[in-house]
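In order, the protein sequence lines correspond to chains G and R.
Using numbering that gives the first Met the number 0, you'd call the opening residue of the first sequence number 0 and step up by one each time.
Using numbering that gives the first Met the number 0, you'd call the opening residue of the second sequence number 0 and step up by one each time.
The beta carbon of each residue, even a glycine, is placed where N, CA and C say it ideally should be.
These numbers come from a predicted model, not from an experiment.
Read the structure below first, then the notes.
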Amino acid sequence: MADLSANLGFCTLKNPVITASGTFGYGEEFLPFYDLDILGAIVMKGIFKEPRPGNPPPRLHETPAGLLNSIGLAGPGSGKLQEIIRRLRAKTTVPVIVNVCGEDDGEFAEVAGIFSAMDEVAMLELNISCPNVKKGGACPAQDAKHTFRLVRRVKERIRKPLIVKLSPNAADIVAVAQAAEEAGADAVSLVNTFLGLAVDLDKRQSVFANTLAGLSGPAIKPLALKLVWEVCRQVRIPVIGMGGITSGRDVLDYILVGAAAVQIGTVNFYEPAAAVRIIGEIQAEMDKLKIKDLSEIRGQLQA
Amino acid sequence: MLDERGLIEEARSLDGGYYQLKIAAPRIAAAAKPGNFVMVRVSPSLDPLLRRPFGILESRPPHIWLYYQVLGRGTRLLSALGHGDSLDILGPLGNSFAEMPGKRVLLIAGGRGIVPLFHYAQAYAGRQPLFMLYGGRGRADLPLLDRIKALPLRGLFIFSEDGSIGQKGLLTDGLEKIVRTERPDITLSCGPEAMLARLARMLKPEKTENHASLEALMGCGFGVCHGCAVQTVAGSYRKVCDEGPVFPLEEIRWPT
């Protein structure tokens, strides 16, 4: 049987399937559906220091094979999340990744410091790419210099591995990935959602109060796969690929372009046990293609 | 809460663009309480991507009944399915309307808002004094009326905007008089937002305890996407899916 383990350099995951931030709650919500220990890792919904209400409704708009969201990182704040993580640890041994958010660089560093100090947390993911916080979708990951400065500052505060989550809305995502690498990121994950717009023709205004929203789901997979491929060729740190994954074959596509692991997101909304199916499909697909382990195909795209 | 493959045993088209599905889903049926809902994957394809929320009209294990109106693409796809087709159904979801033994309960249903209240009436009529105020645009909007008349209700009050059945007018036109004569302790309501907003202005919490079931666009149905938020009078947001769909009527910030 194929070996599904995913080597991130600083650690090895049981398999390459990680559940993406914002699509998996705080893990607990999925306990009725399956044993979280089967996963490579889970990423908590993004967290700020203090509780955040999120954006006014409507927050969702469905598109063909896609989903626009403007949730606005609603969440209970860092204190409450610490409690949740401790409670979750009693129920699963799955590696927990905390998705760290901030209104400014200082808050990013402070929140990272809080969760770096928790034994129950395996690593941190720096969410410098959420398009739903600032008007117009602006985020640090659109700017290589800002990314470098912020990642360096966060790295000084923490002892845990740091994944930096990148935005497809940067003019040059490769430059941002390289800036994160230079500043000491242990890995990059990409992509966060693509900025999109949906309009209400009758009212002649955007569907969303924040005007723009973030697009995810199968519709973005070819766009995301291209960006992951480009970044994989230009950085040495491991890349975690995501965008529109719904099957085991999708996962292997990302590995082929160079990803060390993947995150699955929107699929968790409409198929709560999707990860179980996807991990089974990776196994079956690798056996069928006689792939013994992921390193055999990782980055092997002929181009 | 579980994800169950349900088998459609009967699909009926009713008046007014309404449909009724009888689905064998034994585990969900066994757990469903009045007020709960389910998320249904209307197509195995990736478009439409998300499941759709539906209230549970009735649950008598091993079956649940859904009742819906064709409003968009998802419900249109669902209406094309029939006997022998299967559906992925996630449920039962959300909170429920509690049984309130001995209390006089007024059920207020507008249009398709009848769904959770029918479930409630069917489960609890005969065990507590129930009254129902049911309204819609016209006769075609109230296709369940014959079945409702068969329930052991203490009183049934029908309104239609066009006067084609019952009294002519909005159901809220009859509310004050019914509250005065039937003296309910509790109201349970479900219907269009404008109707619930009007109820919130008319019903006084010091006179009756008021609960409303809300409808919302949902991404997941079990609390993870935060897409179905509704604003409270206190200014915070609540998730309709796992903090509702039933809320104290006074807690929600209704449009004015």
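In whole angstroms, give me the CA-to-CA distance for V250(G) and K154(G). 29 Å
C240(R): contacting residues in chain G (beta-carbon distance under 8 Å): In chain order: nothing, as chain G lies at least about 11 Å away.
Beta-carbon contacts of A23(R) that lie in its chain and below 7 Å, excluding the five residues immediately before and after: G5, L6, E8, P61 and H62
Using a Cβ-Cβ cut-off of less than 7 Å, list which residues of the region 71 to 93 of chain G approach chain R; keep chain order. A73
Using beta carbons (cut-off 8 Å, strictly below), is S95(R) in contact with chain G? no
How should T180(R) be labelled, buried or exposed, when 16 other C-beta atoms within 10 angstroms of its C-beta is the threshold for buried? exposed
Pick from L165(G), S294(G), G279(G) and R158(G): whose alpha carbon is nearest that of A140(G)? L165(G)
Please check if any C-beta of chain G sits within less than 8 Å of the C-beta of F53(R). no
Option in G213(G), F47(G), V266(G) and A184(G) with minimal Cα separation from G8(G): A184(G)
Quick one: list the residues of chain G neighbouring S235(R), beta-carbon separation under 7 Å, in chain order. P52
What residues of chain C sit near L66(G), judged by a beta carbon separation below 8 Å? Although the question refers to chain C, the structure presented lacks it and instead comprises the protein chains G and R.
Hey, could you find the ends of the beta strand (DSSP E) R40(R) is sitting in? F36 to R40
Which listed residue (L255(G), A273(G) and L211(G)) has its alpha carbon closest to that of S69(G): L211(G)
Closer than 7 Å to a non-hydrogen atom of the ligand COA - does that hold for the CB of S115(G)? Ligands are entirely absent from the displayed structure, and the ligand COA is therefore not among its contents.
Decide if Q177(G) is buried, meaning its Cβ has at least 16 other Cβ atoms within 10 Å, or exposed. buried
Can you tell me the Cβ-Cβ gap for A274(G) and I263(G), rounded? I've got them flagged as a contact below 8 Å. 6 Å
Please confirm if G247(G) has its CB atom under 8 Å from at least one CB of chain R. no
Indicate whether P55(G) and L216(R) have their beta-carbon atoms separated by less than 8 Å. no
Under 8 Å, do V257(R) and R26(R) count as touching if we go by C-beta distance? The displayed coordinates of chain R run from 0 to 255. Any statement about residue 257(R) would go beyond what the structure contains.
Here's a check: name, in chain order, each residue in its chain whose Cβ is nearer than 8 Å to the Cβ of Q282(G), leaving out the five neighbours to either side. M0, A1, L3 and G247
CB of G134(R) within 8 Å of CB of L170(R), strictly: yes
Verify the CB distance criterion: does E61(G) have a CB-CB separation below 8 Å to chain R? yes
Closer than 9 Å, Cβ to any Cβ of chain R: which residues of the region 20 to 40 of chain G, in chain order? G21, T22, F23, G24, Y25, E28, F29, P31 and F32
Indicate whether at least one CB of chain G lies closer than 8 Å to the CB of R40(R). yes
In the region 214 to 237 of chain G, which residues sit with their C-beta less than 7 Å from some C-beta in chain R, listed in chain order? G216 and P217
Please state if the CB of L105(R) and the CB of L132(R) are separated by a distance shorter than 8 Å. yes
So with Cβ pairs under 8 Å, would you call F221(R) a contact of chain G? yes
Within the continuous alpha helix (DSSP H) that includes V256(G), where are the two ends? Element bounds for V256(G): n/a, residue is neither H nor E.
Close-in-space but distant-in-sequence residues of the same chain around D201(G) (CB under 7 Å, 5 per side omitted): none
Residue from C231(G), P221(G), F32(G) and V120(G) whose Cα sits closest to the Cα of S188(G): C231(G)
Using a Cβ-Cβ cut-off of 8 Å, state whether F268(G) counts as contacting chain R. yes
Burial state of V178(R) (16 or more Cβ within 10 Å): buried
DSSP puts D2(R) in a beta bridge; with which residues? L89(R)
Residues within the region 105 to 132 of chain G neighbouring chain R, beta-carbon criterion of under 7 Å: none
My guess is that L195(R) and G243(R) are in contact by the Cβ rule of under 8 Å, so how many angstroms apart are they, rounded? Actually they do not touch by this definition, with Cβ atoms about 12 Å apart.
Range of the contiguous beta strand (DSSP E) that encloses Q19(R): Y17 to A23
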